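When the letters of the sequence shown are read in order and numbered with mature numbering (1 follows the signal peptide of the UniProt record, and there is no 0), they come out as residues 165 to 463.
All C-beta atoms in this analysis are idealised placements derived from N, C-alpha and C, irrespective of residue type, glycine included.
Fair warning: this is a prediction, and the values are worked out from it, not measured in the lab.
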Amino acid sequence: RLTWQAYHRLDDIHKYLDFLEEQHPDLVSQQTIGQSVNGNPIRLLKISNKQPGNKAVWIDGGIHAREWITPATVTFIINQLISNWENEPKYVQNTDWYFAPLLNPDGYEYTHTVDRLWRKNRRGSGRCAGIDLNRNFGYRWGGTGASKNPCAETYGGSGPFSEPETAAVQSFMSNANAKWKAYISFHSYGQYILYPWGYNRVVPPDYKDLELVGQRAAQAIRNAGGPSYTVGPAGNTLYPAAGGSDDWAKGAMKIKYAYTVELRDNGRYGFVLPASYIQPTAKEAMAAVRVIVEAASKA
Ligand code: 0X9
Ligand code: ZN
């Protein structure tokens, strides 16, 4: 059982997903969409009432190994939805929810056993091991903000989707018969709600829709008692960085509401956020997700 009062290991998270599938076979199903470099499964959990017209949303966490708050938040959201399912509004019930709580399982385990601040996946060995999975997606791959140096923290890999962790997302999402309307990727830290483009300081034609929904999400976070989150296009608001999952979701998959949400905190603890922050952070993230998914349900 997960507690959201501590950060859990990969096996415990996967056992929890198995438990949910077993307890709610009508609503919850799971699949393994790929294997990491070290052979760990990339798990996907789906929540669906199986109505044919449902829109689909994707929510992931754990692309960056050290951002522990993100798998904790994604599993919290899964738990909330399932425990409250009967009382949820129509836009929730008539959505097919796809969750990938931990896209970089090797890196995550490595941060528990060897190096708490590891970011990349675990291809190779030594000081220069690893590829930054959020520079490895195949939209404008290899551009600004992605390094060609394997030793760099932002090394984008040998080519787009060279890594099994990103290739799993690409093949699952493009082959699923799903009406994708929203893509949300959780990262930390900094308290930002970011939308494309990330590859440069430019915005897509419909950026006003993304800005508006992002501002509403930030307001929902404040209404839930949370702190202020800054909303804006990733390249302008943070820094330009090509090969991100959000840009690929919007640019290649044509998913309108594509966001990267950088969770708490503001830098006091950074990646090493104490476990006592899991519940407040996950609750405010849930509030933001509701806003985005409601907008997606109308798109
Ligand atoms: O640099 C990143 O990958 C993300 N920030 S983090 O501190 N979690 O590493 C921001 C990604 C924003 N989106 C794009 N640049 N496409
Ligand atoms: Zn990140």
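**Report entry** Terminal residues of the beta strand (DSSP E) in which Asp224 lies
**Finding:** Lys219 to Asp224 is the extent of the beta strand (DSSP E) around Asp224.
Query raised in the report: Which ranges would you report for the alpha helix (DSSP H) in the stretch 279-349 if only whole runs of at least 4 residues count?
Result: List check, alpha helix (DSSP H) in window: 328-339.
Query raised in the report: So, helix, strand or coil for Lys418, using DSSP?
Result: Reduced to three states, the DSSP call for Lys418 is coil.
Query raised in the report: For Tyr394, does the three-state DSSP call read helix, strand or coil?
Result: Sequence check: residue 394 is Thr here, not Tyr. Residue state, collapsed to three classes: strand.
Query raised in the report: At a cut of 8 Å, does the stretch 392-409 reach the stretch 349-362 through at least three beta carbon pairs?
Result: Yes: at least three Cβ pairs fall under 8 Å.
**Report entry** Local Cβ density within 10 Å of Pro328, reported as buried at 16 or more and exposed below that
**Finding:** Buried, by the Cβ-count rule.
Report task. Compute the distance between the beta-carbons of Ala405 and Thr318, then report whether it is under 9 Å. Result -> For Ala405 and Thr318, yes; Cβs fall inside 9 Å.
Requested in this report: Could you tell me if Ala170 is buried or exposed, where buried requires 16 or more neighbouring beta carbons within 10 angstroms of its beta carbon?
Outcome: The C-beta of Ala170 has fewer than 16 other C-beta atoms within 10 Å across all chains shown, which makes the residue exposed.
Query raised in the report: Thinking just about the alpha-carbon of each residue, which of Asp182, Cys315, Pro235 and Tyr441 is nearest to the one in Pro391?
Result: Considering only alpha carbons, the answer is Tyr441.
Requested in this report: Please report the residue range of the beta strand (DSSP E) in which Val436 lies.
Outcome: Looking at the DSSP string, Val436 is not in any beta strand (DSSP E), and its letter there is neither H nor E.
Query raised in the report: Does the ligand ZN have even one heavy atom less than 8 Å from the beta-carbon of Asn300?
Result: No, since every heavy atom of the ligand ZN falls outside the 8 Å radius drawn around the Cβ of Asn300.
Query raised in the report: Is Ser352 near the ligand ZN, judged by its Cβ being under 8 Å from some heavy atom?
Result: Yes, the Cβ of Ser352 comes within 8 Å of a heavy atom of the ligand ZN.
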